[in-house]
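Enquirer:
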Amino acid sequence: MTEATDRTDAAGAEDAAGAADLGGVLRALRRQADLSQRELAERAGVPQPTLARIESGRAVDPRFRTVERLVRAAGGKVGIGVPEAAPTNPTPAPVPHDDMRDQAGRRYPAHLDVWPVHEPRDWPGAWWAEWHRLPPERYPLPLPPAAYELNRRYRDNRRWGAEVRRTAQVRRFTGGDLPDTCWRFVAELPDGALVGELRAHERSPHLEYGEWYPGMPEREMVVDGVLVAARYRRLGLGRRLVTALITEMRAAGIGGAAAIAEGFGIELLLACGFEIEASRPAALRLSPPRRPYG
Numbered sequence: 003m004t005e006a007t008d009r010t011d012a013a014g015a016e017d018a019a020g021a022a023d024l025g026g027v028l029r030a031l032r033r034q035a036d037l038s039q040r041e042l043a044e045r046a047g048v049p050q051p052t053l054a055r056i057e058s059g060r061a062v063d064p065r066f067r068t069v070e071r072l073v074r075a076a077g078g079k080v081g082i083g084v085p086e087a088a089p090t091n092p093t094p095a096p097v098p099h100d101d102m103r104d105q106a107g108r109r110y111p112a113h114l115d116v117w118p119v120h121e122p123r124d125w126p127g128a129w130w131a132e133w134h135r136l137p138p139e140r141y142p143l144p145l146p147p148a149a150y151e152l153n154r155r156y157r158d159n160r161r162w163g164a165e166v167r168r169t170a171q172v173r174r175f176t177g178g179d180l181p182d183t184c185w186r187f188v189a190e191l192p193d194g195a196l197v198g199e200l201r202a203h204e205r206s207p208h209l210e211y212g213e214w215y216p217g218m219p220e221r222e223m224v225v226d227g228v229l230v231a232a233r234y235r236r237l238g239l240g241r242r243l244v245t246a247l248i249t250e251m252r253a254a255g256i257g258g259a260a261a262i263a264e265g266f267g268i269e270l271l272l273a274c275g276f277e278i279e280a281s282r283p284a285a286l287r288l289s290p291p292r293r294p295y296g
């Protein structure tokens, strides 16, 4: 192989790498601007197939004017100059699922959120997942390797929920007029907004059951209630509150806890390690008298 051939191959590799980098920047800009390929192409006045070739790296040497129109339409800036003199523009965050491919080997839409599908509840198309607990061999449809949602409201809610899960803090509240035997845990957002609460109290098992036997623990916990604001439910905050209680009560030498629950509260406590006691009632309710009609 000659020296000229070596230089040619190196230049080709650099061009391919540059095209690949340009494609990644365009995908990141589209995600930041919340634009599909078709929407960005329409804004820039560029054919959508041209944008697709640039993003995939198949357009090795796209025209500068075409790239400039695409970048500006996506809210970015194009700078020319030596590295020291070039303007410092913030680089958009890369697409988190850029390395994922569908069954045909294609990238998923950059402006949407894509997640792997491990079970039916991971796939919005599995409408039957919430109602039927079927074994895999009886699934009415095969599960795809990954999923995304075209509905932008669903997508925005999903991103909002991910941000809440990331930033919400769960802590034990102490002080004030709270008795020593009463425990309170709160879930808070960074701005201090209270979105969840758990209350519990300690009791003596031998006083509760009216007898004592060797090995009976001196203290156990009773969960009085777990409450999460309606908008923040199904984000794992209730489970985090119960887990925080279990962690701290075990650190204090309290090994057991009791609770009375109904509805989704039963599922929450079962997921946190509680077990149903068949010999005890699940729930009691006292309702106000009904007013006569008329």
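Numbered by this note's numbering, the letters in the sequence shown go through residues 3 to 296 in order. All C-beta atoms, glycine included, are put in the ideal place defined by N, C-alpha and C.
1) Rounded to whole angstroms, how far is the Cβ of Ile256 from the Cβ of Glu204, which I believe are closer than 8 Å?
2) Within 10 angstroms of its Cβ, does Val80 collect 16 or more other Cβ (buried), or is it exposed?
3) Can you tell me which of the three DSSP states Tyr141 falls into?
4) May I have the straight-line CA-CA distance separating Val230 from Leu239, to the nearest angstrom?
5) Could you pull the start and end residues of the beta strand (DSSP E) that Pro290 belongs to?
6) Could you round the C-beta distance between Ala30 and Pro111 to whole angstroms and report it? I think they count as a contact, below 8 Å.
7) Taking 6 Å as the limit between beta carbons, can you name the residues of its chain near Trp185, skipping five residues before and five after?
8) Quick one: residues in its chain with C-beta nearer than 6 Å to the C-beta of Leu270, no 5 flanking neighbours on either side, listed in chain order?
9) In angstroms with no decimal places, state the Cα-to-Cα distance between Pro181 and Gly265.
10) Beta-carbon within less than 6 Å of Gln34's beta-carbon, same chain only, minus the 5 sequence neighbours each way: which residues are those?
11) Rounded to the nearest angstrom, what separates Arg252 and Arg74 at their Cα positions?
12) Between Arg233 and Trp162, what straight-line distance do the alpha-carbon atoms span, to the nearest angstrom?
13) Quick one: what's Trp130 bridged to in DSSP?
14) Below 8 Å, how does it come out for the segment 38-53 and the segment 116-133: are there three or more Cβ pairs, yes or no?
15) Do you know whose CA, among Val62, Gly275 and Arg32, lies nearest Pro98's CA?
16) Could you please give me the residues that DSSP links to Leu196 through a beta bridge?
17) In this structure, how does DSSP classify Leu229 when only helix, strand and coil are distinguished?
Expert: Short version:
1) In the sequence shown, counting from the first residue as 1, residue 256 sits at position 254. In the sequence shown, counting from the first residue as 1, residue 204 sits at position 202. With a Cβ gap of about 7 Å, Ile256 and Glu204 count as contacting.
2) What you label residue 80 is simply residue 78 of the sequence shown in a count that begins at 1. With fewer than 16 Cβ atoms within 10 Å of its Cβ, Val80 is classed as exposed.
3) The residue labelled residue 141 in the question sits at position 139 within the sequence shown. Coil.
4) Locating residue 230 in the sequence shown gives position 228, where the first residue counts as 1. Locating residue 239 in the sequence shown gives position 237, where the first residue counts as 1. Rounded to whole angstroms, Val230 to Leu239 spans 7 Å at the Cα level.
5) Against the sequence shown, residue 290 aligns to sequence position 288. In the DSSP annotation of this structure, Pro290 is not part of any beta strand (DSSP E), being labelled neither H nor E.
6) Translated into positions along the sequence shown, residue 30 becomes position 28. Translated into positions along the sequence shown, residue 111 becomes position 109. Wrong, their Cβ atoms sit about 13 Å apart, outside the cutoff.
7) For the purposes of this step, residue 185 is taken as the residue at position 183 of the sequence shown. Closer than 6 Å at Cβ, skipping near neighbours: Ala202.
8) The sequence position of residue 270 within the sequence shown is 268, counting from 1. Once the five neighbours on either side are set aside, the close Cβ partners of Leu270 are Gly240.
9) Here the question's residue 181 lines up with position 179 in the sequence shown. Here the question's residue 265 lines up with position 263 in the sequence shown. Spanning the alpha carbons of Pro181 and Gly265 requires a straight line of approximately 30 Å.
10) As a first step, residue 34 is located in the sequence shown; it is residue number 32 there, counting from the start. The answer, listed in chain order, is Pro94.
11) On the sequence shown, residue 252 is found 250 positions in, with the first residue counted as 1. On the sequence shown, residue 74 is found 72 positions in, with the first residue counted as 1. Cα to Cα, Arg252 sits roughly 57 Å from Arg74.
12) Here the question's residue 233 lines up with position 231 in the sequence shown. Here the question's residue 162 lines up with position 160 in the sequence shown. Answer to the nearest angstrom: the Cα atoms are 11 Å apart.
13) Taking the sequence shown and counting its residues from 1, one reaches residue 130 at position 128. DSSP lists no bridge partner for Trp130.
14) no
15) Within the sequence shown, numbered from 1, the residue matching residue 98 stands at position 96. The candidate whose alpha carbon is nearest that of Pro98 is Arg32.
16) In the sequence shown, residue 196 corresponds to position 194, counting from 1. Leu196 is bridged to Glu190.
17) As a working mapping, residue 229 is identified with position 227 in the sequence shown. Strand.
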